[in-house]
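K.L.:
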Amino acid sequence: MPIDRTVVLHVTGMTCSHCVASITEELEDVTGVLNIEVILNSGGTSQVTVVTDHGVDDQALQEAVTEAGFELVSIHRDF
Ligand SMILES: [Cu+2]
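Okay, structure coming up:
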């Protein structure tokens, strides 16, 4: 049985619920992504948790964040 794993992204440039919606939309399209959880820190560093069961490509996450118009400052994995 696959185990859900998380990747935590630290993202800057997000300010409101629209930002949360657009980053969620972009990340949902990345292969392997099951769920997204955003803790918005308006004007600061927001925490975006990506849940995956098969692993996910860092480069694809990076591109999704950029596509949404924000900056990925770091990636933390539990695996
Ligand atoms: Cu916004």
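Take 16 as the starting number for the sequence shown in the working numbering and just add one per residue. All C-beta atoms in this analysis are idealised placements derived from N, C-alpha and C, irrespective of residue type, glycine included. Just so it is clear, the structure is predicted and the values come from calculations on it, not from any experiment.
Please report the distance separating the alpha-carbon of F85 from that of Q77.
P.N.:
What you label residue 85 is simply residue 70 of the sequence shown in a count that begins at 1. What you label residue 77 is simply residue 62 of the sequence shown in a count that begins at 1. In a straight line, the C-alpha of F85 is about 10 Å away from that of Q77.
K.L.:
State yes or no: is the C-beta of T30 nearer than 7 Å to some heavy atom of ligand 1?
P.N.:
In the sequence shown, residue 30 corresponds to position 15, counting from 1. Yes, Cβ of T30 sits closer than 7 Å to a heavy atom of ligand 1.
K.L.:
Is the distance from the Cβ of V26 to the Cβ of A79 below 8 Å?
P.N.:
Position 11 of the sequence shown, counted from the first residue, corresponds to residue 26. Position 64 of the sequence shown, counted from the first residue, corresponds to residue 79. Contact: no.
K.L.:
Compute the distance between the beta-carbons of L42 and V48, then report whether it is under 8 Å.
P.N.:
By 1-based counting over the sequence shown, the position of residue 42 is 27. By 1-based counting over the sequence shown, the position of residue 48 is 33. Yes, they are a contact pair.
K.L.:
Counting along the chain, where does the beta strand (DSSP E) carrying H91 start and finish?
P.N.:
Numbered from 1 along the sequence shown, position 76 holds the residue referred to as residue 91. 86-92 is the extent of the beta strand (DSSP E) around H91.
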